[in-house]
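Take a look at the structure set out below.
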Amino acid sequence: MTTAAEPESLLLQMLDPAARADPYPLYRRIREQGPVHLPGKNLAVFSSYADCDEVLRHPSSASDRMKSTVAQRAVADGAQARPFGPPGFLFLDPPDHTRLRRLVSKAFVPKVVNALEPEIVGLVGGLLRDAGDGGTFDAIAGLAYPLPVAVICRLLGVPLEDEPEFSAASGLLAQSLDPFVSVTGAAGDGFEERMQAALWLREYLRELISRRRRDPGDDLMSGLIQVEESGDQLTEDEIVATCNLLLVAGHETTVNLIANAILALLRDRSQWSALAADPGRVGAVIEETLRYDPPVQLVGRVAGEDMTIGGERSDGGNVIGGERSDGEAITVPKGDNMLLLTAAAHRDPDAVERPDQFDPDRGTIRHLGFGKGPHFCIGAPLARLEASVALTALTARFPDAVLAAEPVYKQNVTLRGMATLDLENLGPTA
Numbered sequence: 000m001t002t003a004a005e006p007e008s009l010l011l012q013m014l015d016p017a018a019r020a021d022p023y024p025l026y027r028r029i030r031e032q033g034p035v036h037l038p039g040k041n042l043a044v045f046s047s048y049a050d051c052d053e054v055l056r057h058p059s060s061a062s063d064r065m066k067s068t069v070a071q072r073a074v075a076d077g078a079q080a081r082p083f084g085p086p087g088f089l090f091l092d093p094p095d096h097t098r099l100r101r102l103v104s105k106a107f108v109p110k111v112v113n114a115l116e117p118e119i120v121g122l123v124g125g126l127l128r129d130a131g132d133g134g135t136f137d138a139i140a141g142l143a144y145p146l147p148v149a150v151i152c153r154l155l156g157v158p159l160e161d162e163p164e165f166s167a168a169s170g171l172l173a174q175s176l177d178p179f180v181s182v183t184g185a186a187g188d189g190f191e192e193r194m195q196a197a198l199w200l201r202e203y204l205r206e207l208i209s210r211r212r213r214d215p216g217d218d219l220m221s222g223l224i225q226v227e228e229s230g231d232q233l234t235e236d237e238i239v240a241t242c243n244l245l246l247v248a249g250h251e252t253t254v255n256l257i258a259n260a261i262l263a264l265l266r267d268r269s270q271w272s273a274l275a276a277d278p279g280r281v282g283a284v285i286e287e288t289l290r291y292d293p294p295v296q297l298v299g300r301v302a303g304e305d306m307t308i309g310g311e312r313s314d315g316g317n318v319i320g321g322e323r324s325d326g327e328a329i330t331v332p333k334g335d336n337m338l339l340l341t342a343a344a345h346r347d348p349d350a351v352e353r354p355d356q357f358d359p360d361r362g363t364i365r366h367l368g369f370g371k372g373p374h375f376c377i378g379a380p381l382a383r384l385e386a387s388v389a390l391t392a393l394t395a396r397f398p399d400a401v402l403a404a405e406p407v408y409k410q411n412v413t414l415r416g417m418a419t420l421d422l423e424n425l426g427p428t429a
């Protein structure tokens, strides 16, 4: 494991706004250094596919940030343990995570997601109805951003008039998902604003729960209230935390998935044209986007116990040809934070051929875009459905579209995404 100053300097460069548009050369340099250990910061950083995959599946890999030495030190110094309220199951570990995910999964069943498809088709059609009338179309403001929050609001049964406030709260709270906050122990800029958004959202959801108890519907909120297993039900706090998680984690990530796919297709116009001509390609386009330019760039974990990562691998191999190269075995002390640079791992040449090429036609598309193991994203089917409808509709509507300007990126490191993505050469409207 590398402990030199150069890897730490490279990691700090990830925070530089200049790296946001194209962080992949920097990721390559970090990956070439091997695993990075910063004992003074209680931090280990992994960037190869093999290491990231192993950490995500490791039984001692914890998601509860309060188990970290950095978090415990901050609490000892007077910081509030959970400033945004009880955590959703994304930030819990067994047995609490197992129980909550089992109950939520009983409500968030495939038929609930599949039933949304006609509404998603209608939403996309409405968003694209007047698109391009001005000669250009911002695919973020006009499609990728409003679609996921509208879908989540319908999923939860949120009234249409409340969607703007939901969208604003989601954008603010998405910043709290950044593992850099837990690694550094710092609250970060805009902490008070995020706190106010969290308080508003928590109270709003409690009121919505009260309404759904009196008047149940066919929405997910009603399902979460009614779900039961062997007498066990979700508490109100657990329902609030779950809905909060679905909004915050499910909105920004889906925005980025749709937008990143649009950009990748426009960078290679043959791929855009191919999807416009054959909507059946959309599944491969989505999976390759999740590998090539994932909406979540890195994942945080905590060593629940001393963990040995790497060395002799016995699980069959992650690399080309089914053979896994053995690396240096390293030990991560209990309580240390771990950053998994999954976006770097997806470009690992030991794991994928031509890693820097966007190619939906590659034989096997493997990625960690939705996580791995017990924390595999419960909303993955919904994200895939939204992206599928959006991408097929957009390419069909504007088969000759090109980039009007280079996109502008927001500053979030983890949920790296664009603020604007302007298209032109839209042709006659349908």
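In numbering that gives the first Met the number 0, the protein residues as written are 0 to 429. The C-beta atom is built at its ideal place from N, Cα and C for all residues, glycine as well. Everything numeric in this text was worked out from a predicted model, so none of it was measured.
Distance CB(residue i)-CB(residue j) smaller than 8 angstroms
| i | j | result |
| --- | --- | --- |
| L219 | L264 | no |
| L172 | A196 | yes |
| V301 | V120 | no |
| Y48 | L340 | no |
| H345 | E286 | no |
| L414 | V295 | yes |
| T253 | A379 | no |
| V148 | S166 | yes |
| L420 | P406 | yes |
| A392 | G124 | yes |
| R211 | G156 | yes |
| A404 | I29 | no |
| K371 | L55 | yes |
| A248 | T394 | no |
| S221 | P215 | yes |
| E237 | L99 | yes |
| D52 | P34 | no |
| N243 | L198 | no |
| S169 | H250 | yes |
| F357 | D277 | no |
| S62 | F90 | yes |
| L223 | L207 | no |
| V226 | A106 | yes |
Beta-carbon proximity list for residue i, same chain, < 6 angstroms, skipping 5 on both sides
| i | result |
| --- | --- |
| S59 | G303, E304, M306 |
| S104 | none |
| Y354 | A small fix is needed here, since residue 354 is Pro in this sequence, not Tyr. The residues are R346, P348. |
| F397 | L425 |
| L262 | none |
| Y408 | R19, A20, M417 |
| V368 | One detail in the question is off: residue 368 reads as Gly in this sequence, not Val. Excluding positions up to five away in sequence, the list reads L289, P293. |
Where residue i falls, given that 16 or more other Cβ within 10 Å makes a residue buried
| i | result |
| --- | --- |
| R64 | buried |
| Q270 | buried |
| L14 | exposed |
| A17 | exposed |
| N259 | buried |
| V108 | exposed |
| E31 | exposed |
| V112 | buried |
| F136 | buried |
| L10 | buried |
| P22 | buried |
| D335 | buried |
| L115 | buried |
| A75 | exposed |
| V351 | buried |
| G133 | exposed |
| L6 | Here the sequence assigns Pro to residue 6, which means Leu is not the residue at that position. With 16 or more other Cβ atoms within 10 Å, it is buried. |
| R213 | exposed |
| G279 | exposed |
| L159 | exposed |
Those residues which DSSP pairs with residue i across a bridge
| i | result |
| --- | --- |
| H36 | A43 |
| E423 | V401 |
| L338 | V44, G299 |
| D161 | Note: D161 sits in no beta bridge, so no partner. |
| V407 | T419 |
| V331 | M306 |
| D137 | D421 |
Cβ neighbours of residue i in the same chain (closer than 8 angstroms, five flanking residues each side left out)
| i | result |
| --- | --- |
| H57 | M306, I308 |
| D92 | A61, S62, D63, K66, G303 |
| V401 | L265, R268, L422, E423, N424 |
7 angstroms CB neighbourhood of residue i in its chain, flanking five on each side removed
| i | result |
| --- | --- |
| E126 | This sequence places Leu at residue 126; Glu is not what is there. Only G141, L142, P145, L146 meet the Cβ criterion. |
| L245 | I151, G378 |
For the region 372-399, list the alpha helix (DSSP H) runs that are entirely contained and at least 4 residues long, ordered along the chain.
379-396
What beta strand (DSSP E) runs, 3 residues minimum, are completely inside the region 41-104?
42-45
Threshold first: 4 residues or longer. Then list the alpha helix (DSSP H) segments lying entirely within the region 222-276, N to C.
235-266, 268-276
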